[in-house]
Amino acid sequence: MEADNSNILALLLEKLIRDYPNVQFHIHSGTSDDITERLERGLLDLAILLDPVDTDKYETILLPRKEKWGLLISENAIFAKKDAITKEDFANVPLLISKRPEIQQMFADWLGIKKEQLLITGTYNLIFNVFALIENQVGAALVIEGAVSHHSKRVTFVPLDPMIETNCMLVWKKNRILSPVVNELIHRFKEAFEQ
Numbered sequence: 001m002e003a004d005n006s007n008i009l010a011l012l013l014e015k016l017i018r019d020y021p022n023v024q025f026h027i028h029s030g031t032s033d034d035i036t037e038r039l040e041r042g043l044l045d046l047a048i049l050l051d052p053v054d055t056d057k058y059e060t061i062l063l064p065r066k067e068k069w070g071l072l073i074s075e076n077a078i079f080a081k082k083d084a085i086t087k088e089d090f091a092n093v094p095l096l097i098s099k100r101p102e103i104q105q106m107f108a109d110w111l112g113i114k115k116e117q118l119l120i121t122g123t124y125n126l127i128f129n130v131f132a133l134i135e136n137q138v139g140a141a142l143v144i145e146g147a148v149s150h151h152s153k154r155v156t157f158v159p160l161d162p163m164i165e166t167n168c169m170l171v172w173k174k175n176r177i178l179s180p181v182v183n184e185l186i187h188r189f190k191e192a193f194e195q
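Mapping of the sequence shown onto UniProt numbering: residues 1 to 195, in sequence order.
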């Protein structure tokens with residue numbers, strides 16, 4: 001998962017494996033559409049999804065860290081030294097943005113424009129696919145800060161002002177029979193984060 005909350009998953013998996021050393025897991029990265037399709041088909045037991053996303057078919061646990069949105073830009077870009085990017089800064093910024101319509105709509109709403117008015121140069125499914133484009137100033141990518149914590153030194157994250165923050169959540173399909181190990185991991189998430 002490309003988010004700050006992936007550290008939480010790592011911590012809980014580390015504790016689970018310490019208690020149950022024979023447990024094995026598989027991490028799959030993908031878009032929310034890809035992940036939810038795999039949940040529906042029974043190919044994944046659990047997922048961490050980033051809002052905005054439809055969770056009607058899933059049990060959920062809200063994760064504690066908010067994901068802060070901003071622009072990932074070349075270190076040489078005009079806005080690279082700014083403390084924050086404002087709505088006014090976006091007049092002529094070519095955007096690299098998630099292909100997810102919900103993300104595009106969220107950003108258009110923040111700008112106070114229609115989604116069709118966004119100056120989209122390109123779309124991506126996973127952020128690491130566009131680092132070279134950002135470094136070469138093809139565009140600036142709308143991202144969450146947690147997705148770029150281990151990024152190239154030739155790009156920089158600049159938060160939005162006013163800030164957009166969204167949540168991540170652990171999800172699993174409602175009414176699905178889960179293995180004891182998966183139930184144990186869910187129990188540990190609930191113990192850690194539900195009130």
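Idealized CB from N, CA, C, for every residue including glycine.
Asked, Found
"One or two residues paired with residue 196 in a DSSP bridge", "The question about residue 196 has no answer here: the residues shown for the chain are numbered 1 through 195."
"Residue(s) in a DSSP beta bridge with residue 217", "Past the boundaries of the shown model lies residue 217; the chain is included only from 1 to 195, so the question cannot be answered."
"Candidates GLU135, ASN167, ALA140 and ILE8: closest to ARG154 by CA position", "GLU135"
"Inter-residue spacing [alpha-carbon to alpha-carbon] between ARG65 and ASN167", "7 Å"
"Where GLY30 falls: helix, strand or coil (DSSP)", "coil"
"Proximity of ALA47 and ILE61 at Cβ, strictly below 7 Å", "no"
"Beta-carbon proximity of ALA140 to ILE73, cut-off 7 Å", "yes"
"Whether VAL158 touches LEU71 by CB criterion (7 Å)", "yes"
"Continuous alpha helix (DSSP H) stretch holding PRO159: start and end", "Taken as a continuous stretch (DSSP letters only), PRO159 belongs to no alpha helix (DSSP H), being part of the beta strand (DSSP E) at 155-161."
"Same chain, Cβ closer than 6 Å to THR31, five either side skipped, listed in chain order", "ASN125"
"Cα-Cα separation, residue 198 to ASP161", "Lying outside 1 to 195, the shown extent of the chain, residue 198 is not represented and no answer is given."
"Residues of its chain near GLU184, where Cβ-Cβ distance is below 6 Å and the 5 sequence neighbours each way are ignored", "none"
"Exposure label - LYS114; buried when at least 16 CB within 10 Å", "exposed"
"Option in VAL171, ILE186, MET106 and ALA192 with minimal Cα separation from PRO52", "MET106"
"ALA84 and THR156 closer than 7 Å at C-beta", "no"
"Spatial distance of LEU43 from ILE120 (CA atoms)", "33 Å"
"Alpha-carbon spacing of VAL181 relative to SER152, whole angstroms", "36 Å"
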